[in-house]
Amino acid sequence: MKTNKIIVGLFYLPMFGLLSCNPQEETTPQYKTIQQAIFASGHMEQEDEYIISATADGTIREFSIREGDYISKGQLLVRIDSDVSNTQLQEARVVYNDAKQNSSANAPQLEQIKSQIDQSKTQLNLDKINYQRYADLRKKNSVSQLEYEKAELQYKASQSSLQVLEKSYKQAQDALQLNADRSLQQVKTQQAILNDYSIQADKDGIVLEVLKKKGELVRKGEVIAKIGSGKNILKLFIAEDDIAKLSIGQEAIVQMNNYPDTTFTASITKILPAFDEAAQSFTVEAAFVNPPQLLLSGTQLQANIKQQGTKKVLVIPSAAVIRGKYVELKNGEEKEIKIGQKSGNWVEVKQGLTEKDIILLPKGKSKEEGVAKPGGE
């Protein structure tokens with residue numbers, strides 16, 4: 001009987017249209033037998049999406065990318081003002097060049113010690129000759145024991161003096177080299193800091209979103225742009241009580257917001273094992289069998305993942321749904337509902353309505369509108 005009432009109401013609509021400029025068609029929820037399917041909402045994204053962030057504080061001096069641009073690995077994307085860092089690098093290089101010069105073999109400090117070593121070697125050679133002469137004379141008893149020992153002590157003192165100078169040279173050389181190495185490390189550090197002011201692409205890809213512009217002040221860590229690369233994938237969010245019903249290779253009928261009147265066939269390629277706390281659902285990935293011509297990362301979509309068998313569910317015309325989750329009742333009140341799978345121009349109502357409710361379709365809409373045509377075949 002309820003169905004008859006709807007038909008009668010529809011029968012008189014043309015007559016009512018003579019009296020009203022923009023009549024709103026009335027309908028009531030009804031039960032229909034539809035192919036069983038798991039409903040999932042989701043979006044398009046690329047296989048590998050990443051963000052580029054400011055690696056230093058400063059003002060963006062160069063900004064060479066726009067949304068939709070294709071970029072290559074190593075390409076300069078953003079350069080942040082680096083005058084201070086440039087100055088610090090130049091100062092570090094000056095210090096390093098001085099340290100490097102001072103650690104060379106002809107450095108003044110080392111040259112001075114080398115001169116002392118040469119003098120010490122000359123003195124040692126003289127003292128050695130004198131000691132050997134006194135040793136020979138002592139054997140002949142031509143000099144006293146005291147004179148011999150005095151020559152011996154002088155020779156040993158010269159040996160010790162040379163050793164001290166050679167050790168001093170080595171220590172000075174090591175210290176100067178260490179200073180040069182530290183100065184070089186400081187140059188490398190300043191160069192690395194300067195490199196942070198130039199942001200390059202990690203890999204080939206496309207610019208999905210630009211969040212900053214030339215001349216804008218950025219802080220370290222702030223997101224500048226979003227880059228995508230790799231294949232386009234469908235990311236679908238599945239309710240906790242439905243995830244066990246899915247398997248790799250299952251077919252999904254997809255309707256995208258930028259192709260509202262067309263459906264596309266996709267196949268599940270991956271079922272992620274972890275529960276997504278942020279989305280409060282499980283996540284699966286799918287790929288189009290024959291993708292639409294235009295694929296845009298971030299496009300919102302809905303999918304019905306086919307299951308075996310049929311079921312009887314409460315449905316309303318999909319044209320009656322406002323802003324994705326509301327319907328307008330006959331008394332003018334907007335009521336929030338929970339929708340399930342879609343079947344043609346009908347959508348399942350999981351919660352919020354009964355058969356007794358009378359709802360209004362938006363002005364200019366009819367139950368026959370919104371039938372999605374298959375595409376991508």
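Residues 1 to 377 in UniProt numbering are what the sequence shown spells out, letter by letter.
Backbone N, C-alpha and C fix where the C-beta goes; we use that ideal spot for every residue, glycine too.
Every value quoted in this text rests on a predicted model; they were computed, and no experiment measured them.
One Cα belongs to Pro292, the other to Leu272, and the distance between them is close to 25 Å.
Glu334 is not a Cβ neighbour of Pro29, given a cutoff of 8 Å. At least 8 Å separates the beta-carbon of Val223 from that of Ser64.
Here DSSP, grouped into helix, strand and coil, assigns Ile253 to strand.
For the options Glu26, Phe39 and Gln24, the alpha carbon positioned closest to that of Lys342 is the one of Phe39. DSSP places Thr33 in the uninterrupted beta strand (DSSP E) bounded by Gln30 to Ser53. DSSP places Asn304 in the strand class (E or B) of the three-state scheme.
Using a Cβ-Cβ distance cut-off of 8 Å, the segment 254-268 and the segment 67-84 are not in contact, since fewer than three pairs of beta carbons, one from each stretch, lie closer than that value.
As computed with DSSP, Ile71 is found in a beta bridge with Gly205. Counting the other CB atoms within 10 Å of its CB gives Thr122 a total below 16, which places it among the exposed residues. Per DSSP, Tyr197 lies in no beta strand (DSSP E) and is assigned neither H nor E. Gln163 carries a helical assignment under DSSP once its states are collapsed to helix, strand and coil.
Val315 is bridged by DSSP to Gln30 and Glu348. Around the CB of Ile253, 16 or more other CB atoms lie within 10 Å, so the residue is classed as buried. Asn304 is classed as buried because its beta carbon has at least 16 other beta carbons within 10 Å across all chains shown. Residue range Pro108 to Lys139 is occupied by the alpha helix (DSSP H) that includes Asp127. By the Cβ test, the segment 44-59 is in contact with the segment 188-208, since at least three Cβ pairs between them sit closer than 8 Å.
A contact between stretches requires three or more CB pairs, one per stretch, nearer than 8 Å, and the segment 224-237 meets this requirement with the segment 272-289. For Asn232, the uninterrupted beta strand (DSSP E) segment begins and ends at Val223 to Ile238.
Burial check for Ser168: the Cβ neighbour count within 10 Å stays below 16, so the residue is exposed.
In this structure, the CA atom of Pro23 is about 15 Å from the CA atom of Ala319.
According to DSSP, Glu62 shares a beta bridge with Arg79. If you look at Gly340, you'll find it in the beta strand (DSSP E) that goes Lys338 to Ser343. Beta-carbon to beta-carbon, Leu110 and Gln173 are separated by about 6 Å, close enough to satisfy the 8 Å threshold.
In this structure, the beta-carbon distance from Asn102 to Leu176 falls below 8 Å. With a contact defined as Cβ atoms closer than 8 Å, Leu353 and Ile316 qualify at about 7 Å.
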